[in-house]
Structure formats: structure tokens, C-alpha cells
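So the structure is just underneath, and the comments pick up after that.
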Amino acid sequence: MNMNMNAHPGDLLSALVDGALTPAEEAGVRAHLETCADCRRELRLITEGRTLVRSLPPVDPPFGFFERMLRPRQRWARRGVAGLAAGAAASVAVLAFAAPREANVAPHVAQLVDAHTASASTSGDPISEITPAAAPVSFKR
Amino acid sequence: MAGEGAPTWEEVARSHGRFLYTVAYRLTGNREDAQDLVQEVLLRVRRGLQTYEPGSMEGWLSRIATNAFLDDVRRRKRRPEDLLPDDPDWVLPPTGAADEALAAEVLPDDIQAALRRLPEDFRAAVVLCDVVGLSYQEIGDSLGIPVGTVRSRIHRGRALLRQVLTLT
Amino acid sequence: MKRIVGLVAVAAVAIGPAPLARAAASRDPLDEARQAAEKTPFSGSVTLQWREASVLHTDQLTVKGTHGTLLAQGQRSAMAVGTERLVYNPGDGWQELWPAGLGAARRPNLEATYDVRPAGSDRVAGYPTDAIDVLKAGVVRERLDLEATTKLLLRRQQYDGRGVLERAFVFDQIQIGDVSMTAPTTPPAPKQAAPRALSLSDVPASEREPSRLAAGYQREGAYRQGGVVQLVYSDGLYDLSLFEQQGALDPGDLPAQRRTTTFGGHPAWAFSWPGGEGITWTGGRTVYTLMGDVPPDELTTVAASVPLHRSTSVAHRLRQACRGLVESFTGSF
Chain A
1 MNMNMNAHPG
11 DLLSALVDGA
21 LTPAEEAGVR
31 AHLETCADCR
41 RELRLITEGR
51 TLVRSLPPVD
61 PPFGFFERML
71 RPRQRWARRG
81 VAGLAAGAAA
91 SVAVLAFAAP
101 REANVAPHVA
111 QLVDAHTASA
121 STSGDPISEI
131 TPAAAPVSFK
141 R
Chain B
1 MAGEGAPTWE
11 EVARSHGRFL
21 YTVAYRLTGN
31 REDAQDLVQE
41 VLLRVRRGLQ
51 TYEPGSMEGW
61 LSRIATNAFL
71 DDVRRRKRRP
81 EDLLPDDPDW
91 VLPPTGAADE
101 ALAAEVLPDD
111 IQAALRRLPE
121 DFRAAVVLCD
131 VVGLSYQEIG
141 DSLGIPVGTV
151 RSRIHRGRAL
161 LRQVLTLT
Chain C
1 MKRIVGLVAV
11 AAVAIGPAPL
21 ARAAASRDPL
31 DEARQAAEKT
41 PFSGSVTLQW
51 REASVLHTDQ
61 LTVKGTHGTL
71 LAQGQRSAMA
81 VGTERLVYNP
91 GDGWQELWPA
101 GLGAARRPNL
111 EATYDVRPAG
121 SDRVAGYPTD
131 AIDVLKAGVV
141 RERLDLEATT
151 KLLLRRQQYD
161 GRGVLERAFV
171 FDQIQIGDVS
181 MTAPTTPPAP
191 KQAAPRALSL
201 SDVPASEREP
211 SRLAAGYQRE
221 GAYRQGGVVQ
231 LVYSDGLYDL
241 SLFEQQGALD
251 PGDLPAQRRT
261 TTFGGHPAWA
271 FSWPGGEGIT
281 WTGGRTVYTL
291 MGDVPPDELT
301 TVAASVPLHR
311 STSVAHRLRQ
321 ACRGLVESFT
331 GSF
């Protein structure tokens, strides 16, 4: 590792931000930064790039993507999947042809309802809060 | 069930499906390819469960997903988009162009579009570091490359991404 | 299997024998009911009533509980084991909705928003009860009937702002106190990932707000499951969950029984289920869903208070974050 203060650290700047340098390496890079405006600028820009990617939210698959893969017999399965051979051992490759392509997201209402009911029932009276979760409910589309 | 304590692929899909889809989407950049990649990963998971070692499931899945993604890239023989001359010492343009402000509203879609413009090797390293959160060593193990190469790809990927998002 | 029930330690309400005169002094009847549910063996059948638009539906289920475990059985089964929550779908097995490790969700003090007033005595399923009215802004929102000795909740009736019955839970018949009852068998390790609690700093700033909504609701927790962030708000009596997902909404994917509606001029889709009401709308590239076991008028009021436009741009907040990070490496910058 080149500890020459005059050499621009280059990709060590990313390592600095990621905490991947030894204390000695870090001290060397910091010392360089104090005297080099170009590298401070580079540090700022790659830090912004890093933070931008880290701000990305998780992504939902289209509604029912995994449900169709795992439970091909559900009666609310979308067109094309309902006729597939049953069983969890059904080939994933077959389902690959049947999985619909969707460009939008939709709230998985049944799952959101379960998630809400679960949390609400822990802070309130559990009997009256959890009993409705056992009631028949249909969110057919 | 393969292996002692190893999950079934259905359990993997149930418990980690959305994480897996997120990684696949960030790597491929579109929903259709992401779905294909997720299914490819679950196929590999089914075949590879005997070799699963208890530990970070997300790390293991990320490794499979990234390698499946890069395998597909190589199979299609797509040339990585060339945004830079092939000079390893040059990361940012010498002028102040990259100093321009970020767009007023940088939507996740914009960031994703910029990610998609990165060469796949850079994109894979950035996703494993900044989406999955793996260490340089873990990324090196996943991709079979030395830590120094990991660092270089991450650094150039970030700089490129930031440049692409410059307001012009 | 015995589970340590930590909720008793959490409750701040004094417990004791409660003849009617002293019931006035204990101001959170639902907390009393919760503690009773954890330690009183019981078994019975329940009628649920819930309103969907103008139609009042009725369902019947069986519920039993002992030693901190509750089991409700209908077309599905729902189980509470201490603070753990599980649901059973026929053909799909048990699914964990809430892990015990998350503990109990918090609620603010009931009396911060509501008035609690004794409402005399009644009888439900053959047992004498203490009736208690819970009022918001002078209007009775719920009447609770707690069994006079054990404080088990035997009936709960919810009214909307006009006094119309919106929802009801009532035991038709119940046996209380059979200590020989065995607890329902806790299912083997369920398969589904359950939500993870987030410290709010884990939630990107754009998803974290607001900390308060209309009608006395304040944020009590944030959870993530898959790609969805759930912010939980409570007014002491009800919990509301606000779910946010990134992307464009295809209304064709919402429940078939949805009702198109508007609030504050904003198009939205409302739906009902035995346990509550929900409403979905969009703002920019975010899909919002707010739900809770509140009447639709309250849900709409609260939904209208969810801000759609964040106060500062994403890029601005990112630059703030970057500046701090860079300054820590370079000293002054």
C-alpha cells in the first residue's frame, strides 16, 4: 500500500467510505485529503453515488408472483396458471412461462390486513382484535 | 429436504423472496428480467441446497443471483456499454462537469436507470456492496475476484453513476 | 408449553377487585381485558358483525384461551401465544405474522384522546358485565362489556360518528374458568418471514413521516416485511397501519369488492373485511394503504392528513447526508 501522501488515493476513497481501510491506511488517506482539493471533490462525488444507491427502497415483485410459484392451485391464481399441474414440486421452469408480466405494483391487501391485525392485536385486547383474523374473508380480484 | 437443517426452496422463496427480487431488479434493471433471474436463482437453489452452509442466507442468495446474472450477460455476449475510455487511472472527467448539481428530484427510478447504464461487472459490485451490504471480502468471494478489483469496480461504478445523474 | 407473557409488566393500569364504583378509577378497560385474556381460561363461540358499505355482515367463530394462548377458529385459524401471532390458512399451513421477539406494539394512554365512562351493568352470554362507554369528542365510539369478576371482554360494539353500529364482537355462549383446559398446541416452526421492527433511522427519510396524523393518532412503530414499510399509528384505542410501496397502482389488482371513493378531492379505493376498513390511494409514485378497525369516516379523516409531498427533495436530503459523511473524513469541508 502506497503511503506516499502525494499519490492520489483513487479507489481507496471508496474503501475509506466503506470502512475497508486499516487505521494506518486511513490516516494516510486523510492526510492526503487535507491538502488535495481534487480528491476531496472526488470523495464527495463517490460518496453521493454510494448514498444514492443505498437510499434505494426494496422492490416488490408483481402481485402474486411468489404465490403463483408456490401455490399454483389457489383459485385466485391469474390466467394461465390455473391449469398447471399441481404440487410444490411443479417445475419452476414451467411456471416461468405462465408468470404474467406486470409493470405495476398493487397492495397485497390480504397480507397487509394480516400484518396490521397482528400488530394491532398485541397492543389492544387480543380476543376482539385477533378473532376477526379467523373469519372468512375473500379479497378476490 | 437436502442437507441437515437446510431449507427447502419453497421456504427460501417464502422467507427471502422479496429480498431476492430486489437484488434481481437492481441487477437487471427491469421487471421481466428480474422475474426470470429470480426463477433461475430458485432453480439453482434447488440444485445447490446440499452445499448450503448455515450462515447468511441473504449473502448466499446474493452470490447465486449475481453469478447467474453475470453468466447470462456473458452468454448473451452483450458488450458492456462503454461510457469511459479503458483507462484504469481515470475515474472522473477532469473538468468540473460532474460537479453540477443533482437533479432536483432524484427518484429511485432515476437511480435505477443510472445503475443500468453501468457495465455489468461494475453494477454487480455496486449492488452487492450498496444494496446487499456485503463486505469487500465477501464480494470478492462471491465473484471470484481479488479485493483490489472489488474496490476498483465499486469506485468506478459509483463515480459513473454520479456522473450519469448530473443535471445537464 | 408455557410462554412468559410480558404484557402484564407493560400495563400501567392498576388492577384489583373492581366493583362498579372502583371501575370508574381504572381508566383503560381494554388493558384490563387484555390481562384477563392472558390468565383466564375460557371457551366459547362469538358472533362478529361488520359493516361493508351499507350491509351489516355476520360471522360466527369459536374462540378459546388458556395460559396465555388464544385460538380463534373459523374458516382460518388465528392464534396468539404470548405476543406471538400466527394464522393458519387451509392448504398452506401456519404462518407467523408477528414474532414474539417484537414484544407488544405500543399504544399511547387511552385517556389522552378518549373519555371513559361507566355505563351501568348488563348481561352477556349469561354473565353479569360492567358496561363502559368510550367517547371521543363527546360522542360514544365504543361500548365495552367486561365480565364483572374476571374482566374478560364479552362484548364490544363500535359506532360511527352518527351513532350507527359499525362493528360488533359478542360472545353468544362462553364457559369461563375451567382450569383443566389444556392450551392449544403451538404449531411447529412456521414458514413465513415475519415483520422486522425498524429503528426509525433505518427507514429512509422519505418514508418516515409523518409522526402524527389527524384525530389524535401518533406513530408508535415502524416495521418492514419484504418491500413494504408499515408505519403503525395509535390513538390509544385503535391502531392504524399505513403501508407504503413504491410504484404505480393498477386498481384492477385491488380487492374485487372495493368501492371507489374520494377524500380531499383525491381518488381512492376503499374496502372492508371483518376486522376493519382499508383505503388505498396514490401520491406520485407511491401507493398508500391505510387500514384499521375504525369506522370509514374516521379512516377517511386520517387518510386526508397523510402528507403526499415530502417537505424536502430526496436529493437535498442526500446531499445533507453526504456532507456530514465527507466532513467526518476531511475535517472542515
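Residue numbers (this note's numbering), protein chains in the order written: chain A, 1 to 141; chain B, 1 to 168; chain C, 1 to 333.
Glycine residues also receive a C-beta, built at the ideal position from the N, C-alpha and C atoms.
None of the values given here were measured: they were computed from a predicted structure.
In this structure D172/C is exposed. Its beta-carbon is surrounded by fewer than 16 other beta-carbon atoms within 10 angstroms. A buried status is given to L97/C, since no fewer than 16 other beta-carbon atoms sit within 10 Å of its beta-carbon. A buried status is given to L13/A, since no fewer than 16 other beta-carbon atoms sit within 10 Å of its beta-carbon. Residue D145/C holds the alpha-carbon nearest to the alpha-carbon of R123/C among G65/C, L102/C and D145/C.
Within the same chain, and ignoring the five residues on either side of A114/B in sequence, the residues whose Cβ sits closer than 6 Å to its Cβ are L161, V164 and L165.
Rounded to whole angstroms, the Cβ separation of L154/C and G236/C is 22 Å, and the two are not in contact under 8 Å. Considering only A124/B, V147/B, G144/B and G148/B, the residue with the shortest C-alpha distance to Y25/B is A124/B. By the criterion of a C-beta distance shorter than 6 Å, L242/C is surrounded in its chain by L231 and L290, once the five residues flanking it on both sides are discounted. In this structure, the CA atom of G275/C is about 35 Å from the CA atom of S55/A. Within the stretch 45–66 of chain A, the residues whose Cβ lies closer than 9 Å to any Cβ of chain B are, in chain order, L45, I46, T47, E48, G49, R50, T51, L52, V53, R54, S55, L56, P57, P58, V59, D60, P61, P62, F65 and F66. The alpha carbon of G138/C has as its nearest neighbour, out of A125/C, G101/C, S121/C and Y159/C, the alpha carbon of Y159/C. Just so you know, the alpha carbons of R117/B and I111/B end up roughly 10 Å apart. Of all alpha-carbon atoms in T150/C, T280/C, R143/C and P295/C, the one lying nearest the alpha-carbon of R162/C is that of P295/C. Legend: CB atoms of the stretch 153–164 of chain B lying less than 7 Å from CB atoms of chain A belong to residues I154, H155, R158, A159, L161 and R162. For R51/C, the CB contacts under 6 Å within the same chain, skipping 5 residues up- and downstream, are E166 in chain order.
Listed in chain order, the alpha helix (DSSP H) elements of length 4 or more contained wholly in the stretch 116–161 of chain B are 120–127 and 136–143. Here K64/C carries a strand assignment [DSSP, helix/strand/coil]. Out of R27/C, L30/C and G44/C, the CA that lies nearest to the CA of Q175/C is found in G44/C. For the stretch 127–144 of chain B, the beta-carbon criterion of a distance under 9 Å to any beta-carbon of chain A is satisfied by V127, C129, D130, V131, G133, S135, Y136 and Q137. Under DSSP, G292/C shares a beta bridge with L240/C and E277/C. Assignment of T166/B by DSSP, reduced to helix, strand and coil, places it in the strand class. About 15 Å separates the Cβ atoms of Q218/C and P307/C, ruling out a contact at the 8 Å cut-off.
The beta-carbon distance between T282/C and A214/C, rounded to whole angstroms, is 20 Å. This is too long to meet the 8 Å contact definition. Scanning its chain for C-beta atoms nearer than 8 Å, with the 5 sequence neighbours on each side dropped, one finds around R31/B the residues Y25, in chain order. For V140/C, the enclosing beta strand (DSSP E) stretches over residues V139 to E147. Under a 10 Å Cβ-count criterion, L37/B is classified as buried, with 16 or more other Cβ atoms of the shown protein chains found around its own Cβ. The criterion of a C-beta distance shorter than 9 Å is satisfied by R153/B and V126/B. Scanning chain A for C-beta atoms nearer than 9 Å to the C-beta of R76/C yields A133, A134, A135, P136 and V137, reported in chain order. Selection S121/A, P58/A, D125/A and A37/A evaluated against V132/B yields P58/A as nearest (Cα-Cα).
Within the same chain, Y114, D115, R117 and R141 come within 7 Å of L135/C by CB-CB distance, once the 5 residues on both sides are set aside. For T47/C, the closest C-alpha among the options R143/C, Q245/C and A125/C is that of A125/C. Within chain B, the C-beta atoms nearer than 7 Å to that of D11/A come from R151, S152 and H155, in chain order. The beta carbon of F42/C lies closer than 7 Å to those of K64, G65, L152, I174, Q175 and I176 in the same chain, with the five residues before and after it left out. In its chain, beyond the 5 residues on either side, E129 have a beta carbon closer than 7 Å to the beta carbon of A120/A. Put simply, the CB of E38/C is near chain A, with a gap under 9 Å to one of its CB atoms.
At a cut-off of 9 Å, the C-beta of R26/B has a neighbouring C-beta in chain A.
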